[in-house]
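Okay, structure first, notes after.
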Amino acid sequence: MKHTDKYPMSMIVLHSLVALAMIGALLIGWNLSPELMPIHKALGIAVLIFAVLRIANRFRVASHVPASVNSKGSMQYILEKSVHGLLYITMIGAPLFGWLLSNAHGYPANFFGLFSLPTLIAKDPSITHTLKELHELCANVFFCLLILHVAGGVVHLLKEKKNVFKRMMPF
Ligand code: HEM
Ligand code: HEM
0 MKHTDKYPMS
10 MIVLHSLVAL
20 AMIGALLIGW
30 NLSPELMPIH
40 KALGIAVLIF
50 AVLRIANRFR
60 VASHVPASVN
70 SKGSMQYILE
80 KSVHGLLYIT
90 MIGAPLFGWL
100 LSNAHGYPAN
110 FFGLFSLPTL
120 IAKDPSITHT
130 LKELHELCAN
140 VFFCLLILHV
150 AGGVVHLLKE
160 KKNVFKRMMP
170 F
């Protein structure tokens, strides 16, 4: 397969939606204030919803996903697939722990006052510290993966003159 082969449009759109919402949630998380908390939660809930749709869609279009530009079994291939797998885990893990953390604090996971996700656990101050640590861990791991993820694309561009970014762009 050529390196110019594109991802299906449904994957491109969901990749952008998750990426924008999750980078937004991360930037706000780093600068959190009581006024920003509703926006942080809403972006995070959007990540969770888009990520679930994205993973379901990934299975639906599995046979149309272009082959990796890295050769199967190579070091880069294993690195690429590991980073992608861990990104999928953090795009579920980060918002899920945020949701549980809010519930443990005694608040619902509310989306701009429009709706709330179901309350999964009762208010419990004894577990907020652990949930906060897990939430933060997911966010930090996500940030490291994002750097590796984008760096991978840049490496292909510089070393092999392959523009893999075009594969995931709508135009
Ligand atoms: C992709 C999604 C998300 C990312 C990357 C993210 C990232 C972060 C970061 C970096 C912090 C600051 C770290 C800290 O001081 O603990 C934070 C704090 C927080 N986040 Fe998120 N978050 C996400 C989703 C959510 C969601 C969906 C909720 C709840 C519905 C949520 C609720 C909270 C709360 C309550 C805090 C304050 C923690 C505390 O000080 O107790 N987050 N988040
Ligand atoms: C500005 C930032 C980003 C850029 C430029 C970017 C670019 C790309 C590109 C070019 C690909 C296709 C790789 C290939 O050619 O095979 C890709 C795939 C992927 N991206 Fe990103 N991405 C970004 C942000 C993100 C974020 C924030 C996440 C996770 C929340 C993410 C998760 C993924 C995953 C999981 C795949 C693999 C898709 C699959 O085959 O299942 N990306 N990205």
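All the letters of the sequence shown, read from the start, carry residue numbers 0 to 170 under numbering that gives the first Met the number 0.
From the three backbone atoms N, C-alpha and C, an ideal C-beta is built for every residue, glycine too.
Helix, strand or coil at residue i [DSSP, three-state]
i    : result
S115 : strand
Y87  : helix
E34  : coil
M0   : Residue confidence is low: M0 scores 47 on pLDDT, short of 50, so the model does not pin down where it sits. No coordinate-derived value is stated.
N162 : coil
K40  : helix
A24  : helix
A66  : coil
P7   : coil
M168 : coil
G72  : coil
A121 : coil
V153 : helix
Sheet register partners of residue i (DSSP bridge)
i    : result
N109 : S115
Assigned exposure category for residue i - 16 Cβ within 10 Å defines buried
i    : result
T89  : buried
A121 : exposed
L13  : buried
F164 : exposed
V60  : exposed
V17  : buried
heavy atom of ligand 3 below 8 Å from residue i C-beta
i   : result
G28 : No copy of ligand 3 occurs in the structure displayed; its ligands are ligand 1 and ligand 2 alone.
Give a yes or no on contact between the segment 18-27 and the segment 140-149, applying the rule of three or more CB pairs nearer than 8 Å.
Contact between the segment 18-27 and the segment 140-149 is established, with three or more Cβ pairs separated by less than 8 Å.
Tell me, please, whether the segment 38-54 touches the segment 85-99 by the rule of three or more beta-carbon pairs shorter than 8 Å.
yes
Any residue with its C-beta under 6 Å from a non-hydrogen atom of ligand 2 counts. Can you list them all in chain order?
H14, V17, A18, M21, I22, R57, V64, S67, V68, H83, L86, Y87, M90, L145, H148, V149, G152, V163, F164, R166 and M167
For the pair the segment 59-72 and the segment 6-20, tell me if three or more CB-CB distances fall below 8 Å.
Segments in contact, yes.
Counting Cβ pairs closer than 8 Å, one from the segment 32-52 and one from the segment 92-105, do we hit at least three?
Cβ pair count under 8 Å is three or more, so yes.
Inter-stretch contact (C-beta, 8 Å, three-pair minimum) for the segment 66-83 and the segment 25-34
no
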